[in-house]
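Trainee: If you scroll down you'll find the structure; I have some questions about it.
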Amino acid sequence: MRKIDALPIGYSDVQSVIETGYYVDKTRYAQALIEKRNPIFIARPRRFGKSLFINTLATIANGAKEIFKDCYIGKPENGYEWKKYPVIKLDLSGVSNNTPEELSTSIKMVLKEIAFSYNVKIEDVTVMHYVA
């Protein structure tokens, strides 16, 4: 009897999941979201695949066409235009929020790290200036 490989539970990297052979293709929805170009809010219960879907969107935006060659978005007849876009992943899980000052400082540090990764220099301005 053939042993079944472990399911990719807890994976948040789309390439790893595709390589396991257990990927459920949601690139049709990713393409619709990308082409709509409206802000979206993704709310789902814990352990519902949010991180994997966000990673899928980021991987598509990074132009990783080869990874999705067997998926909906990778088929030429579905008309996705493969362009590369900068991706900003803002992870606030490690941000200190004990005081408003610590929160502001922590968010500034995260934003500066992101800017640095794209070779962008930002002035030292208050974070709250940009919060609508």
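In my numbering, the protein residues as written are -14 to 117. In this text, a Cβ means the ideal position worked out from N, Cα and C, and glycines have one as well.
1. I'd like to know if the region 43 to 52 and the region 94 to 106 are in contact, where contact means that at least 3 CB-CB pairs between them fall below 8 Å.
2. Using CA atoms only, rank isn't needed, just tell me which of 86, 90, -6 is closest to residue 35.
3. Identify, in the order they occur along the chain, each residue of the same chain with its Cβ nearer than 8 Å to the Cβ of residue 68, setting aside the five sequence neighbours on each side.
4. Would you mind reading off the limits of the alpha helix (DSSP H) that contains residue 1?
5. Residues in its own chain within less than 7 Å of residue 71 by CB, not counting five upstream and five downstream?
6. Select from 73, 2, 62, 58 the residue whose C-alpha is nearest the C-alpha of residue 13.
7. What do you get for residue 77, buried or exposed, if any count of 16 or more other CB atoms within 10 angstroms of its CB means buried?
8. Mark residue 2 as exposed unless 16 or more other C-beta atoms lie within 10 angstroms of its C-beta, in which case mark it buried.
9. With a threshold of 6 Å on Cβ separation, who are the neighbours of residue 65 within its own chain once the five nearest residues in sequence on each side are excluded?
10. Between which residues of its own chain and residue 10 is the CB-CB distance below 8 Å, once the five residues before and five after are set aside?
Mentor: According to the structure data:
1. no
2. Within the sequence shown, residue 35 is the residue found at index 50, counting from 1. For the residues 86, 90, -6, the minimum Cα distance to residue 35 belongs to -6.
3. Along the sequence shown, read from residue 1 onward, the residue named residue 68 stands at position 83. Closer than 8 Å at the Cβ level, and outside the excluded window around residue 68, lie 48.
4. One-based indexing of the sequence shown puts residue 1 at position 16. Where residue 1 is concerned, the enclosing alpha helix (DSSP H) stretches over -1 to 5.
5. Residue 71 sits at position 86 when you count from the first residue of the sequence shown. Here the set comprises 103.
6. Counting from 1 along the sequence shown, the entry for residue 13 is found at position 28. With distances taken between Cα atoms, residue 13 lies closest to 58.
7. Taking the first residue of the sequence shown as 1, we reach residue 77 at position 92. That one is exposed.
8. As a first step, residue 2 is located in the sequence shown; it is residue number 17 there, counting from the start. Flag for residue 2 reads buried.
9. As a first step, residue 65 must be located in the sequence shown, where it is residue number 80. Excluding residues within five positions, the ones whose Cβ falls inside 6 Å are 16, 58.
10. Counted from its first residue, the sequence shown places residue 10 at position 25. The answer, listed in chain order, is 56, 57.
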